[in-house]
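Numbering (my numbering), first residue to last: 282 to 503.
For each residue, glycine too, the CB sits at the ideal point set by N, CA and C.
None of the values given here were measured: they were computed from a predicted structure.
Notes for the one structure printed next.
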């Protein structure tokens, strides 16, 4: 029987067929660990991006995933990522997922047919408003350049825009002066005055809403 010659005493005594089986077993054992580790790592969208059900540009987008939204990577194909994300929708408005129940912080807006792809997790009723909110999971494909694991870099870019473009007409407002929903109403009026593209306006809004008076302790995570 052929025996592999190697300087390491362990490999000197392992017959070739068993050595090959040993290598294959080690590879199979550790590859899933790498995949699992990546799947457990939080990533964030670095811009607002289109979501598809298949990893193909010819596949019609089924929704928009907003900047700074947390997600998990489930699978990779050349140029594409299959991702999973969570959000909350209000009863009767299943197509829109928000970051937190009762807070109008956009995470995902889906087309009518794609709402059927949501997997519901849990529901709760807001004691103040009586509205029922349901947490749900959505899985889809996005382009692989649309994510980062560095949320601070997203917030830094948002702050720079806010500091330089939102003080032209008035004194700069402190993020935690208002609630997340109040910032939504304010930016709806003030955003167009900045002259910034809508994606940049959305980035500023997302930053302010996640640093608002009622959300500062609930930073975007999934």
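Is residue i close to chain C, meaning its C-beta is less than 9 Å from at least one C-beta of that chain?
{"i": "residue 446", "result": "Absent here is chain C; the protein component of the structure consists of one chain."}
DSSP has residue i in a bridge; who is on the other side?
{"i": "residue 369", "result": "379, 416"}
{"i": "residue 464", "result": "In DSSP, residue 464 forms no bridge with anything."}
{"i": "residue 326", "result": "428"}
{"i": "residue 363", "result": "356, 422"}
Between which two residues does the alpha helix (DSSP H) harbouring residue i extend?
{"i": "residue 432", "result": "432-446"}
{"i": "residue 497", "result": "First-last for residue 497: undefined, no H or E at that position."}
{"i": "residue 405", "result": "Element bounds for residue 405: not the alpha helix (DSSP H) but the beta strand (DSSP E), 400-406."}
{"i": "residue 479", "result": "479-491"}
Relative to the alpha-carbon of residue i, which residue among the options has its alpha-carbon at the smallest distance?
{"i": "residue 486", "options": "418, 472, 496", "result": "472"}
{"i": "residue 394", "options": "455, 376, 332, 434", "result": "376"}
{"i": "residue 467", "options": "477, 454, 404, 387", "result": "454"}
{"i": "residue 470", "options": "456, 491, 447", "result": "447"}
{"i": "residue 324", "options": "405, 441, 332, 432", "result": "432"}
{"i": "residue 326", "options": "482, 476, 341, 435", "result": "435"}
{"i": "residue 396", "options": "441, 459, 458, 332", "result": "332"}
{"i": "residue 458", "options": "494, 441, 426", "result": "494"}
{"i": "residue 445", "options": "405, 476, 426", "result": "476"}
Going by the CB atoms, is the gap between residue j and residue i shorter than 9 Å?
{"i": "residue 346", "j": "residue 366", "result": "yes"}
{"i": "residue 428", "j": "residue 334", "result": "no"}
{"i": "residue 349", "j": "residue 492", "result": "no"}
{"i": "residue 357", "j": "residue 480", "result": "no"}
{"i": "residue 364", "j": "residue 420", "result": "yes"}
{"i": "residue 422", "j": "residue 478", "result": "no"}
{"i": "residue 407", "j": "residue 373", "result": "no"}
{"i": "residue 430", "j": "residue 322", "result": "yes"}
Which residues in the same chain have their Cβ closer than 7 Å to the Cβ of residue i, if we skip the five residues on either side of it in sequence?
{"i": "residue 424", "result": "330, 360, 361"}
{"i": "residue 400", "result": "417, 418"}
{"i": "residue 392", "result": "343, 344"}
{"i": "residue 371", "result": "412, 414"}
Quick one: residues in its chain with C-beta nearer than 6 Å to the C-beta of residue i, no 5 flanking neighbours on either side, listed in chain order?
{"i": "residue 465", "result": "385"}
{"i": "residue 439", "result": "484, 485, 488"}
{"i": "residue 378", "result": "368, 370, 388, 389"}
{"i": "residue 443", "result": "485"}
{"i": "residue 340", "result": "333"}
Near residue i, which residues of its chain fall below 8 Å by C-beta distance, leaving aside the five closest residues on each side in sequence?
{"i": "residue 381", "result": "369, 461, 496, 499"}
{"i": "residue 437", "result": "none"}
{"i": "residue 403", "result": "415, 416"}
Please report the residue range of the beta strand (DSSP E) in which residue i lies.
{"i": "residue 458", "result": "Per DSSP, residue 458 belongs to no beta strand (DSSP E) and is neither H nor E."}
{"i": "residue 355", "result": "351-358"}
{"i": "residue 331", "result": "330-332"}
{"i": "residue 391", "result": "384-391"}
{"i": "residue 346", "result": "344-346"}
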